[in-house]
Each structure stands twice: as C-alpha cells, then as structure tokens.
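The number in the numbering used here is simply the position in the sequence shown, starting from 1, with 58 added.
For every residue, glycine included, the Cβ atom is placed at its ideal position computed from N, Cα and C.
Small disclaimer: the values here were computed from a predicted structure and weren't measured.
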Amino acid sequence: MSAGAGRVRILPRADGQGRTALLLTDGDGPVSRLADRMEVAQLGLGERLLAKARATLEEQRPTVRELRPLTGQLTDALADTVLIAVSRGALRRDAEP
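Encoded structure:
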C-alpha cells in the first residue's frame with residue numbers, strides 16, 4: 059500500500075461506534091502494515107467464499123439452508139472489498155457508472 063506522505067486512509071474496520079476509521083499515514087507505519095495484513099486476510103476470505111459459492115451453485119439444487127448463510131457471508135465480504143477499493147483509491151464513490 060505504501061504511498062506518499064500525509065495520505066488519508068480508510069481502515070478496514072469501523073471504530074467502536076460504527077463510524078469509518080481514518081488514518082493519516084505515510085504508508086509504512088505499524089498501523090498501516092496491520093491494516094494491509096487485515097485487507098489481505100479479508101480479500102483472501104472473499105476469494106474462498108466465492109469458490110464456495112460457485113461450488114454450491116454447481117450442485118443440482120442447493121437448499122435455502124445452504125444458500126442463506128452463504129449469502130450473508132458473501133454480502134459481508136463484498137462490503138469489505140468495496141471498502142478496501144475505496145480506501146486504496148481504486149473506486150471513487152463520486153464517479154459515474
């Protein structure tokens with residue numbers, strides 16, 4: 059993630075009150091490195107959930123009991139991925155589709 063000095067970064071988790079947590083960073087401090095590791099773990103979990111979803115959907119008739127928790131997990135993983143993309147500047151919230 060290392061970027062220029064004085065960069066504002068969205069951390070991968072909200073603060074204790076549900077607000078977006080921001081970090082003013084040079085991109086190489088201990089909190090930045092911890093956030094980088096968290097993002098790698100979150101994206102890895104998303105990849106594993108995607109593989110699980112594909113395998114589940116390849117079954118003849120997945121049940122609601124199989125799909126309901128998977129849908130919730132995929133929703134959480136997608137939310138994490140969007141937050142990471144916004145934080146890294148790869149996705150601008152104000153951009154037109």
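Each of GLY76, THR83 and THR121 was checked against the Cα of ARG146, and the nearest Cα belongs to THR83. When C-beta atoms of the stretch 64-71 are compared with those of the stretch 90-101, three or more pairs fall below 8 Å, so the two segments count as touching. According to the DSSP secondary-structure assignment, THR83 is paired through a beta bridge with ARG65. Assigned with DSSP and collapsed to three states, ASP73 falls in coil, not helix or strand. Between the alpha carbons of GLU105 and GLN131 lies a gap of roughly 12 Å. Within the stretch 77-131, the complete beta strand (DSSP E) segments of 3 residues or longer fall at 80-83, listed in chain order.
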